[in-house]
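Residue numbers (our numbering), protein chains in the order written: chain A, 1 to 429; chain B, 1001 to 1252.
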């Protein structure tokens, strides 16, 4: 009954376009135990991927590696990372018996919803990526987010994979149940100096944080140059070298997290060549460095939602400055407080300047840039008007738009109509 | 004492102004460092030379201070600065008595009050510069704010679980036009005593409210140089548009 009701709702919302969580809501109302039933007894278990930044990309990478190894993987690929989103994506694949036919589930969940999910279904594995300032109006405090991740680790039955270098995450190691394995991913000491740009200062304790010593089970990122890198396990084992389609240090760290987790899940079956092949084919999720062909010139859409993410994005693209637009909304899904823009340094945009700021907080963004001496050519709060102007005034050059979540949804819908792109959530891969 | 000379190499500066940001590591989680950045830039635009000093717990408190800033933090950050704040309470009180302008946001606003009483009923003493008392709550007061203040409309964003009550005769910083303010009931927001402003407003509050920023700068300049503030030409069009759009959205 619940499955049927949900499938009807799913068909209805697809006709309407968009709205990936609604069918899940319908099922949740009809059968609150739906998730438990559907995910019970998957032979390889249930993996939850959570943390502030990189959930969508890392989930995609982990799924790709597991599929390359021949597993049937259920995942929630739409970026709708709440439990209802999980149920919604399940409805497409589930038989009317309500039991999912898959070897393993890999689910991206935000920190608060990961715990709600765990109350229904105990994850066999969890991959905890990082803790950073993000939507403090919802989660209130970083310490609170760290606590949520710790509670998720306590609920995990077989293995947790933790960020070695993020003290909010690696300190969780002491909280797992007896018999649950702890594995780490991190960066090679040779690039440890680049971590502060990605991480929060953890001021909860008196002692200086000393990361745990990695073992041969833990994957460490070792970049060769800006694009090529390998993941090292102990003194001899290497996965790579490889080059991702998505640029930047954050993507490399995500790949390291996915590789380390896949190695835990697959144990002796893990094959490095398959992992590399899978990772090199992963396309950036929509809005996470997606490149759109706009009248013959590349237009990159980059989602920004918190200081760490925006700083990483600017660092990633700093070496290749192009004509830039920044669109900031302050709806619930964006984070209603825009104070965080003052925790990002925009100096890398100074030489080239910013062509347009847009969104509900277009003037606040322009003001922020003024304080970093970054010239702004134009301020246009209306997203569609701004996009039109951006595309026509800078027709013959490569372009990039940094945007918050709801601004991205609006811009991408507009771009999809102009250039015939796949709809959001319909991943071409 | 006031009056520091400008460096001989900097012939264009009208004078050097020292801003002390207290506990930037522990108490600046909502972009409050933007207030420091704003004051430094505006001082430069007005023709003065800003010197930023970051005070961390355990370090000696600096001398020749012209303006003091503090921000909001998490409970863990607040716990980490309490000892140092108590240690420097006399220095800060003397600076206040001497007319030093200060802006204390959120967590530091609470710590500048008489006390913070936790949900469990524990009384954590503040340094009592502002006659306010804060009661911990289960419910957070979160959202955009518009205030009516001596500096005109002020916009910002509040995010606090503490409910603050003003003592008898304590002046608020502003009247709430939209949002919750000190406690969500009496229509007050923040507190002002002498040249000390306490407020819950992040945003950060100064960039979009340049009248408040320049009022603090004026006091700092007069204190530092013993002569009137001579403003430069500063284009505040973006700040004014950002602010007035928020006012229109929130109070129509």
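Where is the CB? At the ideal position from N, CA and C, for every residue including glycine.
Coarse secondary structure for residue i, derived from DSSP in three states
i	result
residue 307(A)	helix
residue 372(A)	coil
residue 1106(B)	coil
residue 151(A)	helix
residue 1016(B)	strand
residue 228(A)	strand
residue 1227(B)	coil
residue 1172(B)	coil
residue 392(A)	helix
residue 381(A)	coil
residue 1128(B)	coil
residue 1141(B)	strand
residue 417(A)	helix
residue 1177(B)	strand
residue 1118(B)	coil
residue 342(A)	helix
residue 361(A)	coil
residue 1148(B)	strand
residue 128(A)	strand
residue 114(A)	helix
CB contact flag (residue i, residue j, <8 Å)
i	j	result
residue 123(A)	residue 75(A)	no
residue 115(A)	residue 148(A)	yes
residue 1177(B)	residue 1212(B)	no
residue 1195(B)	residue 1188(B)	no
residue 186(A)	residue 164(A)	yes
residue 241(A)	residue 224(A)	yes
residue 1180(B)	residue 1107(B)	no
residue 62(A)	residue 121(A)	no
residue 188(A)	residue 220(A)	yes
residue 1069(B)	residue 1217(B)	no
residue 354(A)	residue 322(A)	no
residue 1209(B)	residue 1243(B)	yes
residue 72(A)	residue 103(A)	yes
residue 440(A)	residue 231(A)	In the structure as shown, chain A begins at 1 and stops at 429. Residue 440(A) is therefore absent and cannot be evaluated.
residue 58(A)	residue 217(A)	no
residue 324(A)	residue 352(A)	yes
residue 381(A)	residue 393(A)	no
Neighbour-count burial assignment, residue i, 16 or more Cβ in a 10 Å radius
i	result
residue 130(A)	buried
residue 1058(B)	exposed
residue 227(A)	exposed
residue 190(A)	exposed
residue 1099(B)	exposed
residue 262(A)	buried
residue 101(A)	exposed
residue 364(A)	buried
residue 300(A)	buried
residue 1034(B)	buried
residue 1101(B)	buried
residue 1032(B)	buried
residue 274(A)	buried
residue 1235(B)	exposed
residue 1167(B)	exposed
Contact test: residue i Cβ vs the ligand FMN heavy atom, cutoff 7 Å
i	result
residue 130(A)	No copy of the ligand FMN appears in this structure; indeed no ligand is present at all.
Cut-off 8 Å between Cβ atoms - residues of its own chain near residue i, not counting five sequence neighbours on either side
i	result
residue 1029(B)	1071, 1072, 1073, 1074 and 1077
residue 315(A)	197, 248, 249 and 348
residue 295(A)	391 and 395
residue 370(A)	376
residue 1137(B)	1119, 1161, 1162 and 1163
residue 1062(B)	1018, 1020, 1053 and 1055
Proximal residues to residue i (C-beta, below 6 Å), its chain only, five neighbours per side dropped
i	result
residue 1130(B)	1112, 1113, 1191, 1193 and 1198
residue 1066(B)	1017, 1018, 1220, 1223 and 1224
residue 1116(B)	1110, 1124 and 1134
Residues of its chain near residue i, where Cβ-Cβ distance is below 7 Å and the 5 sequence neighbours each way are ignored
i	result
residue 1156(B)	1145, 1201, 1202, 1203 and 1205
residue 172(A)	128, 149, 150, 153 and 162
residue 55(A)	49, 81, 108 and 129
residue 182(A)	160, 162, 173 and 176
residue 1251(B)	1146, 1177 and 1178
residue 269(A)	69
residue 1126(B)	1110, 1111, 1112, 1113, 1114, 1115 and 1116
Quiz item: Taking any Cβ of chain E, which residues in the segment 361 to 372 of chain A have a Cβ under 8 Å from it, in chain order?
Solution: As a matter of chain content, chain E is missing from the structure shown, whose protein chains are A and B.
Quiz item: Counting only runs that start and end within the segment 1025 to 1108 of chain B, where is the alpha helix (DSSP H) found for 4 or more residues in a row?
Solution: 1033 to 1045, 1075 to 1087 and 1089 to 1097
Quiz item: Where are the alpha helix (DSSP H) runs, 4 residues long or more, that stay fully inside the segment 228 to 276 of chain A, in chain order?
Solution: 249 to 266
Practice problem: Jot down the residue ranges of each uninterrupted alpha helix (DSSP H) in the segment 1193 to 1239 of chain B, minimum 4 residues, whole runs only, in chain order. | Solution: 1210 to 1225
Practice problem: List in chain order: all unbroken alpha helix (DSSP H) runs of 4+ residues lying wholly within the segment 153 to 193 of chain A. | Solution: 167 to 170
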